[in-house]
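So that you can map any letter, position 39 of the sequence shown is 39 in the numbering used here, and since no number is skipped, the others follow by simple counting.
The beta carbon of each residue, even a glycine, is placed where N, CA and C say it ideally should be.
This one's a predicted model, so the numbers in the text were calculated from it and none came from an experiment.
Below is one structure; the comments refer to it alone.
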Amino acid sequence: MIKDNPLKNMIFISSLPTFIELQILFYQGLKELINVSGIDLDKIYPQYNLSYFNEHTFIFSDLFSKAKTIESFAELEALNSTLFKEHFNIEQQQAFKSAVYKAIELLYLNKSLYIFCHQGVGRSPAVSFAALTLYYQLPMSESLKMIHAMRPQAKITTMTISATYWLKENLSHEQFI
Numbered sequence: 001m002i003k004d005n006p007l008k009n010m011i012f013i014s015s016l017p018t019f020i021e022l023q024i025l026f027y028q029g030l031k032e033l034i035n036v037s038g039i040d041l042d043k044i045y046p047q048y049n050l051s052y053f054n055e056h057t058f059i060f061s062d063l064f065s066k067a068k069t070i071e072s073f074a075e076l077e078a079l080n081s082t083l084f085k086e087h088f089n090i091e092q093q094q095a096f097k098s099a100v101y102k103a104i105e106l107l108y109l110n111k112s113l114y115i116f117c118h119q120g121v122g123r124s125p126a127v128s129f130a131a132l133t134l135y136y137q138l139p140m141s142e143s144l145k146m147i148h149a150m151r152p153q154a155k156i157t158t159m160t161i162s163a164t165y166w167l168k169e170n171l172s173h174e175q176f177i
């Protein structure tokens with residue numbers, strides 16, 4: 001169990017960043033961006049040079065924010081990977097897996113990362129949740145608390161949990177180290 005949140009300066013969960021927010025990240029020295037919004041930042045800000053950032057883009061549906069929000073820890077145990085497999089095709093499953101794997105890789109390299117989607121409530125929290133759970137081998141209840149501490153408006157849903165179970169079935173911790 002992780003007592004204080006040592007990841008508060010390692011993982012930032014957000015919506016699409018404004019140019020001002022990107023400038024702040026630049027001045028803070030944060031380079032690693034995991035973009036699950038489906039829109040490259042170069043398309044949003046074509047007039048700016050964003051080459052400082054390492055933008056890792058992964059595209060998959062935003063079914064995470066549309067699913068039922070987890071309201072109790074008891075709900076975590078009642079779920080499995082079926083929901084995720086039924087609603088995401090293979091290509092989207094692989095994109096989600098790649099986004100989580102990239103987050104884990106950056107955490108392993110001790111790099112701070114900024115994970116964002118359109119509103120910062122569905123996809124970016126889902127990627128962050130799965131990365132925390134898998135890389136640090138945390139109980140899902142602990143990851144849930146940490147995500148809500150980092151981004152109170154995050155929606156951890158039945159789809160988030162199902163996707164994390166799917167990853168647990170398809171990845172081993174040894175792949176991350």
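Assuming the contact rule is C-beta atoms closer than 8 Å, residue 158 and residue 79 should be a hit. Round their C-beta distance to whole Å, please.
Contact holds; Cβ gap of about 6 Å.
Kindly indicate the opening and closing residues of the alpha helix (DSSP H) around residue 124.
Taken as a continuous stretch (DSSP letters only), the alpha helix (DSSP H) holding residue 124 covers 123-135.
Measure the CB-CB distance between residue 122 and residue 64 and report whether it falls below 8 Å.
Pairing residue 122 with residue 64 gives a Cβ-Cβ distance under 8 Å.
From the DSSP output, read off the bridge partner residues of residue 114.
Beta-bridge pairing links residue 114 to 12, 33.
Taking the alpha helix (DSSP H) that residue 21 belongs to, which residues open and close that run?
Residues 19-28.
Quick one: is residue 18 buried, meaning 16 or more other Cβ sit within 10 Å of its Cβ, or exposed?
Exposed, because fewer than 16 other Cβ atoms sit within 10 Å of the Cβ of residue 18.
If we ignore side chains and look at the alpha-carbon of each, how far apart do residue 168 and residue 20 end up?
A direct Cα-Cα distance of roughly 37 Å separates residue 168 from residue 20.
Just confirm the distance between the C-beta atoms of residue 116 and residue 51, as a whole number of angstroms; I'd bet it's less than 8 Å.
Not really, about 18 Å apart at Cβ, beyond 8 Å.
Residue 55, enclosing beta strand (DSSP E) - first and last residue:
Counting along the chain, the beta strand (DSSP E) containing residue 55 begins and ends at 54-57.
When the Cα of residue 82 is compared with those of 171, 162, 170, which residue comes out closest?
The alpha carbon of residue 82 has as its nearest neighbour, out of 171, 162, 170, the alpha carbon of 162.
Let me check understanding here. Comparing Cα to Cα, which of 67, 14, 155 lies closest to residue 35?
It is 14 whose Cα lies nearest to the Cα of residue 35.
Would you call residue 26 buried or exposed, if buried means 16 or more other Cβ atoms sit within 10 Å of its Cβ?
Looking at its Cβ environment, which holds fewer than 16 other Cβ atoms inside 10 Å, residue 26 is exposed.
8 Å contact criterion, which residue 16 and residue 112 should meet: CB distance rounded:
Rounded to whole angstroms, the Cβ separation of residue 16 and residue 112 is 19 Å, and the two are not in contact under 8 Å.
Whether or not the segment 87-98 and the segment 68-75 are in contact is what I'm after, with contact meaning three or more pairs of Cβ atoms, one per stretch, closer than 8 Å; do they touch?
In the pairwise beta carbon analysis, the segment 68-75 is classified as not touching the segment 87-98: fewer than three pairs are separated by under 8 Å.
Below 8 Å on the Cβ atoms is my contact criterion, and I expect residue 100 with residue 130 to pass it. Report the Cβ-Cβ distance as a whole number of Å.
That pair is a contact at about 5 Å.
To the nearest angstrom, how far is the alpha carbon of residue 132 from that of residue 143?
Looking at the two C-alpha atoms, the distance is approximately 6 Å.
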